[in-house]
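In my numbering, the protein residues as written are 1 to 255. Even for Gly, the Cβ is constructed at its ideal location relative to N, Cα and C. Report on one structure; see the data block that follows.
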Amino acid sequence: MSNFKDYFGGVGDKYRDFRPSYPEELYDIIKKTAGNQTKLAVDVGCGNGQATVELAKFFDKVIGIDPSEGQIKNAIKRDNIEYLVSPAEEIKLPEKSIDMITVAQAVHWFNLPLFYDLTKKLLKKDGHLVIFGYGLMDITNNQEANKLHWKFYQTLGDEYWPPQRKYLDDKYVDIKPTYENTKRQDIFFDKTLTIGSLMGYYSTWSGYNQYLKVNPNSTLLKDHIDSILKSYNTTSMDTVVEVKFPLYLIISKNE
Numbered sequence: 001m002s003n004f005k006d007y008f009g010g011v012g013d014k015y016r017d018f019r020p021s022y023p024e025e026l027y028d029i030i031k032k033t034a035g036n037q038t039k040l041a042v043d044v045g046c047g048n049g050q051a052t053v054e055l056a057k058f059f060d061k062v063i064g065i066d067p068s069e070g071q072i073k074n075a076i077k078r079d080n081i082e083y084l085v086s087p088a089e090e091i092k093l094p095e096k097s098i099d100m101i102t103v104a105q106a107v108h109w110f111n112l113p114l115f116y117d118l119t120k121k122l123l124k125k126d127g128h129l130v131i132f133g134y135g136l137m138d139i140t141n142n143q144e145a146n147k148l149h150w151k152f153y154q155t156l157g158d159e160y161w162p163p164q165r166k167y168l169d170d171k172y173v174d175i176k177p178t179y180e181n182t183k184r185q186d187i188f189f190d191k192t193l194t195i196g197s198l199m200g201y202y203s204t205w206s207g208y209n210q211y212l213k214v215n216p217n218s219t220l221l222k223d224h225i226d227s228i229l230k231s232y233n234t235t236s237m238d239t240v241v242e243v244k245f246p247l248y249l250i251i252s253k254n255e
């Protein structure tokens, strides 16, 4: 990522507070995949360490790597976690030293051919590359709110959403690790938000933050949230919003 653009460092604190956590089902799959190879995991594009800290529960050591100093500054600390600022394609670790490399909600930002080649050098024999990311959720307890939610997403459009976002819109079908042994699985997980935390989540979107750079005085988000409040017939930001996220999982084995 020599041409790395930091879409998230400036909202690292919001990213930590408002991005959805991953379901236990995902970590159960990762733990089962790791088997007895649990000495070292490296979480690439770790952001605020949301997935990193979960890996630390069953790996002896986890190294979280992200090119954004803002994200690393806000990353969650644990005794067995080390954080490094580095592009994904330039990780300076010994070859054949890593049991598992994970990428949560980040691989679409990488130079994929360079990254895949590097992971093959870094992983031990029978080590795993585990890639996952969630797409746009649906609001499930209010049909009108869900229509408004999708309209807001589409309003930002190609003008403000980075082109890499299309990988997630297309369910990661074009993320194709160059490993012979690769399998895919889709998971759906539910979350309970409030209208206030939904607003916080929107504020972490790369597309919205690009929009704000061009339109710093815009009331787009406030107007959208006013419409969401109206759709729930409420003025309370504590009103419950039920959502369902799709999660796309790709597991490759280094044989």
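Residue span of the beta strand (DSSP E) that contains residue i, given as start and end
| i | result |
| --- | --- |
| ASP66 | 61–66 |
| ASP43 | 40–44 |
Three-way DSSP call (helix, strand, coil) for residue i in this model
| i | result |
| --- | --- |
| GLN105 | coil |
| ILE81 | strand |
| VAL243 | strand |
| TYR211 | helix |
| ASP17 | helix |
| TYR232 | coil |
| GLY9 | Only weak support is given to the placement of GLY9: the predicted model assigns it a pLDDT of 46, under 50, and the question is left unresolved by the model. |
| THR182 | strand |
| ASP190 | strand |
| ILE250 | strand |
| ALA51 | helix |
| LYS222 | helix |
| LYS166 | helix |
| ILE195 | helix |
| SER2 | A caution first: SER2 carries a pLDDT of 42, below 50, which makes its placement in the model too unreliable to give a value. |
Endpoints, alpha helix (DSSP H) assigned at residue i
| i | result |
| --- | --- |
| LYS31 | 24–34 |
| VAL173 | Looking at the DSSP string, VAL173 is not in any alpha helix (DSSP H), and its letter there is neither H nor E. |
| SER203 | Neither: SER203 is in no alpha helix (DSSP H) and is coded neither H nor E. |
| ILE72 | 69–73 |
| ASP238 | Here ASP238 belongs to no alpha helix (DSSP H), and DSSP marks it neither H nor E. |
Expected contact under 8 Å - CB spacing of residue i and residue j to nearest Å
| i | j | result |
| --- | --- | --- |
| LYS124 | GLN37 | 7 Å |
| ASN231 | ALA145 | Reading off the sequence shown, one finds Ser at residue 231, where the question assumed Asn. That pair is a contact at about 4 Å. |
| PHE132 | LEU55 | PHE132 to LEU55, Cβ: 12 Å. No contact. |
| THR119 | LEU129 | 5 Å |
| TYR134 | PRO216 | Going by Cβ atoms, the distance from TYR134 to PRO216 rounds to 29 Å, so no, they are not a contact pair. |
| TYR211 | LEU249 | The Cβ separation is near 30 Å, so there is no contact. |
| ASP174 | ASN254 | In fact, because the Cβ distance is near 21 Å, the residues do not count as touching under 8 Å. |
| LYS39 | PHE58 | Actually they are not in contact, since the Cβ atoms of LYS39 and PHE58 sit about 11 Å apart, beyond 8 Å. |
| ASN221 | SER203 | The displayed chain sequence assigns Leu, not Asn, to residue 221. Right, the Cβ-Cβ distance comes to about 7 Å (below 8 Å), so this counts as a contact. |
| ASN48 | ILE65 | With 8 Å as the limit, ASN48 and ILE65 do not qualify as a contact, their Cβ atoms being about 13 Å apart. |
Enumerate, from N- to C-terminal direction, the unbroken alpha helix (DSSP H) stretches of 4 or more residues contained entirely within the region 85–163.
Correct list: 112–122, 143–160.
For the structure I just gave you, are there three or more beta carbon pairs, one from the region 87–103 and one from the region 68–77, closer than 8 Å?
At 8 Å Cβ cutoff, the stretches do not touch.
Taking contact to mean 3 or more Cβ pairs, one atom from each stretch, closer than 8 Å, check whether the region 231–246 and the region 155–163 are in contact.
Too few Cβ pairs lie closer than 8 Å, so no.
Counting pairs of Cβ atoms below 8 Å between the region 108–119 and the region 167–179, do you hit three or more?
Yes: the two stretches touch, three or more of their Cβ pairs being nearer than 8 Å.
Taking three-plus beta-carbon pairs below 8 Å as touching, is the region 31–48 in contact with the region 78–97?
Because the criterion of three Cβ pairs below 8 Å is met, the region 31–48 and the region 78–97 touch.
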